[in-house]
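Each remark here refers to the structure printed beneath this line.
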Amino acid sequence: MKSRIYLEKFTSDEDFEYYFSLVSNEKVMAMVTERAIPLDEARSNFKLLLEKNKRHKEFGIFKVFETSTNSFIGLGKMAVDKDKPDEAELGYLLLPEFWGKGYGSEIARLLLEKARESKVLRRITAIIDPKNTASKKILLNNGFISEKICEIDGLPGEIFGRNL
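Numbered by our numbering, the letters in the sequence shown go through residues 275 to 438 in order.
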């Protein structure tokens, strides 16, 4: 079956507009930071993202495009932990018009496949807002287990994990 989406790594300053379209959107960020990210802060965060993306050839943060239209729909993340190179964090953000259509599940599946194929990663974690029932469903359907509910940087968080 042909995938409805494809991934391309964020690699240059030209990719900033894609990133900013997500992080500046209050609806997108409601369950992440509880606020939209202003331009200067987003530029600073994006520079760090590009630096992190250079660390690992296969993994990092990816732009997600709809295959049929080549439209940008969000981002996917499989970021390797620099202190534990056999662990990575899974994440995804979608523009609101693509919510509820199964794209989050597809992003998670594609990135988990990539992680399994690499034979490098042994454990995957994901952090969500405990109220984010859509993300919770995606993670549970992909074999994740809720490990801890806590505060993370002053915000509510739920940590999920799974071994590969």
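We put the beta carbon where it would ideally sit given N, CA and C, even for glycine.
Expected contact under 8 Å - CB spacing of residue i and residue j to nearest Å
i: Thr399; j: Gly435; result: 5 Å
Between the CA atoms of residue j and residue i - distance to the nearest angstrom
i: Thr407; j: Glu340; result: 24 Å
i: Ala310; j: Val297; result: 6 Å
i: Phe294; j: Glu282; result: 16 Å
i: Phe333; j: Asn327; result: 7 Å
i: Leu364; j: Met303; result: 16 Å
i: Phe346; j: Val354; result: 24 Å
i: Glu300; j: Lys331; result: 31 Å
i: Ser448; j: Gly431; result: Missing from the structure shown is residue 448; the chain here goes from 275 to 438 and no further.
i: Lys411; j: Glu371; result: 19 Å
i: Trp373; j: Glu391; result: 28 Å
i: Glu291; j: Lys393; result: 33 Å
i: Leu305; j: Thr343; result: Looking at the sequence itself, residue 305 is Met, so the reference to Leu does not match. C-alpha separation (whole angstroms): 27 Å.
i: Leu323; j: Arg329; result: 10 Å
i: Gly417; j: Glu325; result: 30 Å
i: Gly376; j: Ile335; result: 19 Å
With 16 other Cβ atoms within 10 Å as the buried cut-off, status of residue i
i: Asn415; result: exposed
i: Arg423; result: For the record, residue 423 in the displayed sequence is Ile; it is not Arg. That one is exposed.
i: Lys321; result: exposed
i: Ile279; result: buried
i: Ile426; result: exposed
i: Leu369; result: buried
i: Lys337; result: buried
Close beta carbons around residue i, own chain, < 7 Å, minus the five adjacent residues each side
i: Ile419; result: Phe434, Gly435 and Arg436
i: Ala389; result: Met352, Ala362, Leu395, Ile398 and Leu438
Chain-order list of residues whose beta-carbon lies under 6 Å from that of residue i (same chain, five-residue window excluded)
i: Ser409; result: Ile402
i: Tyr366; result: Gly350, Gly378 and Ile381
i: Glu421; result: Ile433 and Gly435
i: Glu413; result: Note that residue 413 is Leu in the sequence shown, not Glu. Cβ neighbours of Leu413 beyond the five flanking positions: Ala400 and Phe434.
Same chain, Cβ closer than 8 Å to residue i, neighbours up to 5 away in sequence not counted
i: Leu429; result: Thr307, Glu308 and Asp403
i: Leu313; result: Phe294 and Ser298
i: Lys405; result: Met305 and Pro430
Report task. Decide yes or no for the touch test of the segment 354-362 against the segment 287-303: beta carbon pairs closer than 8 Å, at least 3 of them. Result -> no
Query raised in the report: Do the segment 306-320 and the segment 384-401 make contact, defined as three or more Cβ pairs closer than 8 Å?
Result: no
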